[in-house]
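Colleague: Sharing a structure, written as structure tokens. Questions coming.
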Amino acid sequence: MKIGVNTWVWTSPFTTADFDLIPKIGRMGFDVLEVALDDPGLIDAPLLRKAAADNGLAITVCGAFGPTRDIASEDAAIRANGANYIRSSIAFTEAVGSTLFSGPVYSAVGKTRMVPEAQKKREWAWCVETLQDIAGAAMDAGVTVGIEPLNRFESDMVNLTEQALALIDDVGSSAYGIHIDTFHANIEEKSIPEAIRAAGKRLVHVHACENDRGIPGSGHQDWKGIRDALAEIEYDGALVIESFTPGAVEIAKAASIWRPLAPSQDELASAGANYLRNLFG
-1 MKIGVNTWVW TSPFTTADFD LIPKIGRMGF DVLEVALDDP GLIDAPLLRK
49 AAADNGLAIT VCGAFGPTRD IASEDAAIRA NGANYIRSSI AFTEAVGSTL
99 FSGPVYSAVG KTRMVPEAQK KREWAWCVET LQDIAGAAMD AGVTVGIEPL
149 NRFESDMVNL TEQALALIDD VGSSAYGIHI DTFHANIEEK SIPEAIRAAG
199 KRLVHVHACE NDRGIPGSGH QDWKGIRDAL AEIEYDGALV IESFTPGAVE
249 IAKAASIWRP LAPSQDELAS AGANYLRNLF G
């Protein structure tokens, strides 16, 4: 199993000036560097590709969806901006030699409201239309887009794996797959292992997060059940530790990281990697 870590563990936004993290991540024994893509313009993609390769790291890319990148917005200009961000993220993903871009692509993180059913259907339709338009670019780039359900406090649109599967079915393109984050799933799913089994071969990415986003293995997640379900569906993607610093610009409020979750961010990453490696090894 390939074990990875997201750059949000240490910094936001991740920029070329932060590439000194890459050798450290390699020394910690990770297999995958996950780039949190707050702003593609802040990162030298060719240099990143080389730096990751020099340190034996594959790359995955995770999107940051603030209110100006909401493809389900009533404002057509915001929807267009969100679509442009996804397209530029797909291009960035291809440029760094990766085949996976993922995140809550369908809406803005922190968008939580009680709205009439008719409005929900309009927002869903805008989202489907945009993802259909983008599908060709993803396929041309050889990039799969992972759709990540969020918990109810961060989104009112897609909270469950079954909702993400329904969205993919409505879009009707093999460019999309399921991205399960165990932090969100711990809140929303009746059973994370069963959600994994429901995703099946359409599961393309996993964020391996403890129930409090602290060190994996230090909380109450059903890690053995998660491991067994992933083995059952023959999952061959990455397990990426995702946590945050309080300064995460695009999602700071929604992530609600108000206190240290480990003695240090380095320990959160390294101890989490050791736990996952032993569990899945």
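Take the sequence shown: its position 231, counting from 1, is numbered 229 in the numbering used here, and each next residue is one higher.
Where is the CB? At the ideal position from N, CA and C, for every residue including glycine.
This one's a predicted model, so the numbers in the text were calculated from it and none came from an experiment.
Does the region 66 to 85 touch the region 27 to 34, meaning 3 or more C-beta pairs lie closer than 8 Å?
Modeller: The region 27 to 34 is not in contact with the region 66 to 85.
Colleague: Decide yes or no for the touch test of the region 265 to 276 against the region 205 to 223: beta carbon pairs closer than 8 Å, at least 3 of them.
Modeller: With a cut-off of 8 Å, the region 205 to 223 and the region 265 to 276 count as touching, because enough Cβ pairs lie within range.
Colleague: Give me the residue from Ile69, Trp256 and Arg200 with the minimum Cα distance to Glu232.
Modeller: For this step, residue 232 is matched to residue 234 along the sequence shown. That would be Arg200, whose Cα lies nearest to the Cα of Glu232.
Colleague: Once the 5 residues before and after Gly212 are set aside, which same chain residues still bring their CB inside 6 Å of it?
Modeller: Locating residue 212 in the sequence shown gives position 214, where the first residue counts as 1. Answer for Gly212: Leu259 and Ala260, listed in chain order.
Colleague: Using the rule of at least 16 other Cβ atoms within 10 Å of the residue's Cβ for burial, across every protein chain shown, is Trp8 buried or exposed?
Modeller: Here residue 8 refers to the residue found at position 10 of the sequence shown. Label assigned to Trp8: buried.
Colleague: With distance defined between alpha-carbon atoms, name the residue in Ala123, Glu192 and Thr97 nearest to Val202.
Modeller: Start at 1 with the first residue of the sequence shown, and residue 202 comes out as number 204. Val202 has its Cα closest to that of Thr97, out of Ala123, Glu192 and Thr97.
Colleague: Of all the alpha helix (DSSP H) runs that stay within the bounds of the region 151 to 191, which reach a length of 4 or more residues?
Modeller: If we require 4 residues or more, the alpha helix (DSSP H) runs fully inside the region 151 to 191 come out as 159 to 169 and 180 to 186.
Colleague: Within 8 Å, do at least three Cβ pairs link the region 156 to 166 to the region 108 to 120?
Modeller: The answer is no - the region 156 to 166 does not touch the region 108 to 120, with fewer than three Cβ pairs under 8 Å.
Colleague: Which residues mark the beginning and the end of the alpha helix (DSSP H) in which Lys0 is found?
Modeller: Numbered from 1 along the sequence shown, position 2 holds the residue referred to as residue 0. Unbroken run through Lys0 is the beta strand (DSSP E), Lys0 to Asn4; no alpha helix (DSSP H).
Colleague: Classify Gly140 as helix, strand or coil using the three-state DSSP reduction.
Modeller: The residue given as residue 140 occupies position 142 in the sequence shown. Gly140 falls in the coil class under three-state DSSP.
Colleague: Pick from Lys119, Ser153 and Gly144: whose alpha carbon is nearest that of Lys109?
Modeller: Translated into positions along the sequence shown, residue 109 becomes position 111. The shortest C-alpha separation from Lys109 is found at Ser153.
Colleague: Among Glu208, Ile176, Ile185 and Ser172, which residue has its Cα nearest to the Cα of Ile194?
Modeller: Looking up residue 194 in the sequence shown gives position 196. Measuring from the Cα of Ile194, the nearest candidate turns out to be Ile176.
Colleague: With a threshold of 7 Å on Cβ separation, who are the neighbours of Ala162 within its own chain once the five nearest residues in sequence on each side are excluded?
Modeller: Your numbering for residue 162 matches position 164 in the sequence shown. Contacts found: Ile145, Pro147, Val156 and Ile176.
Colleague: Please list, in chain order, all residues of the same chain as Ser171 whose beta carbon is under 6 Å from its beta carbon, the five residues on each side excluded.
Modeller: Taking the sequence shown and counting its residues from 1, the one referred to as residue 171 is at position 173. Ala133, listed in sequence order.
Colleague: In whole angstroms, give me the CA-to-CA distance for Asn4 and Lys119.
Modeller: Taking the sequence shown and counting its residues from 1, the one referred to as residue 4 is at position 6. Taking the sequence shown and counting its residues from 1, the one referred to as residue 119 is at position 121. Distance between the alpha carbons of Asn4 and Lys119 is about 33 Å.
Colleague: Run the CB neighbour count on Ser262, radius 10 Å, all protein chains shown included, and call it buried at 16 or more, exposed below.
Modeller: Looking up residue 262 in the sequence shown gives position 264. Exposed, by the Cβ-count rule.
Colleague: Does the Cβ-Cβ distance between Phe90 and Ala49 come in under 8 Å?
Modeller: To locate residue 90, count along the sequence shown from 1; it is residue 92. To locate residue 49, count along the sequence shown from 1; it is residue 51. No, the pair does not count as a contact, with Cβ atoms beyond the cut-off.
Colleague: Return yes when the Cβ of Asp226 is within less than 8 Å of the Cβ of His280, no when it is not.
Modeller: The first residue shown for the chain is -1 and the last is 279, placing residue 280 beyond what the model contains.
Colleague: Is it buried or exposed for Glu92, if we count other Cβ within 10 angstroms and need 16 for buried?
Modeller: Against the sequence shown, residue 92 aligns to sequence position 94. With 16 or more Cβ atoms within 10 Å of its Cβ, Glu92 is classed as buried.
Colleague: At 4 residues or longer, what runs of the alpha helix (DSSP H) sit wholly inside the region 45 to 101?
Modeller: Segments of the alpha helix (DSSP H) lying fully in the region 45 to 101: 74 to 93.
Colleague: Quick check: the Cα distance between Arg257 and Pro38, rounded to an integer number of angstroms?
Modeller: The residue labelled residue 257 in the question sits at position 259 within the sequence shown. The residue labelled residue 38 in the question sits at position 40 within the sequence shown. Arg257 and Pro38: Cα-Cα distance of roughly 28 Å.
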